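Residue numbers (my numbering): 127 to 240.
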């Protein structure tokens, strides 16, 4: 599956970087439990949106229209937040982050907060 993102000689990844202007990095380490690799997409909000959507499109490509590829049960996205903005993400007593978690059915972990 990762070959669909990288392409021969890295051609597909290079094209994705060029057209979406996002950063793209495929980690070499393979998760032995589910045979997955981490794909990191970086950039501003618009670049992230375009980059992530393009990666998802590449993973869904198949000649059989009724075929649904085996997708990992989860995906992880990392965001860098300025220290002075962390409070806005969390909200008073964690209300904002709890609401985001409930609405999106996601897990959110915040690390490096002092």
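C-beta atoms are modelled at their ideal positions from N, C-alpha and C, and glycine is treated no differently.
None of these values were measured; they are calculated from a predicted model.
Grab me the residues of residue i's own chain with a C-beta within less than 8 Å of its C-beta, minus the 5 sequence neighbours each way, in chain order.
i: residue 216; result: 222, 223, 236
i: residue 139; result: 131, 132, 133, 150, 152
Over the uninterrupted alpha helix (DSSP H) stretch that includes residue i, give me the two end residues.
i: residue 176; result: 171-186
i: residue 140; result: 137-146
i: residue 216; result: 212-216
i: residue 133; result: Careful: residue 133 lies outside any alpha helix (DSSP H) and carries neither H nor E.
Which first and last residues belong to the beta strand (DSSP E) in which residue i is found?
i: residue 223; result: That residue, residue 223, is in no beta strand (DSSP E); its alpha helix (DSSP H) goes 221-230.
i: residue 164; result: 162-168
i: residue 149; result: 149-157
Among residues of its own chain, excluding the 5 on either side of residue i, which ones have a beta-carbon nearer than 7 Å to its beta-carbon?
i: residue 293; result: The chain is shown from 127 up to 240; residue 293 falls before or after that span and cannot be answered.
i: residue 190; result: Reliability of the predicted coordinates at residue 190 is poor, the pLDDT of 49 falling under 50, and no value is obtained from them.
With 16 other CB atoms within 10 Å as the buried threshold, where does residue i fall?
i: residue 213; result: exposed
i: residue 177; result: buried
i: residue 142; result: buried
i: residue 193; result: Here the model assigns residue 193 a pLDDT of 49, short of 50, so the residue's position is not dependable and the matter cannot be decided.
Out of the options, state which residue places its alpha-carbon closest to the alpha-carbon of residue i.
i: residue 206; options: 186, 231, 166; result: 166
i: residue 163; options: 226, 128, 234, 135; result: 128
i: residue 172; options: 186, 158, 147, 160; result: 147
i: residue 220; options: 208, 234, 230, 209; result: 234
i: residue 175; options: 203, 211, 229; result: 203
Using a Cβ-Cβ cut-off of 6 Å (strictly less than) and excluding sequence neighbours within five positions of residue i, which residues of its own chain qualify?
i: residue 226; result: none
i: residue 161; result: none
field: Three CB pairs or more closer than 8 Å across the segment 152-159 and the segment 176-184
entry: no
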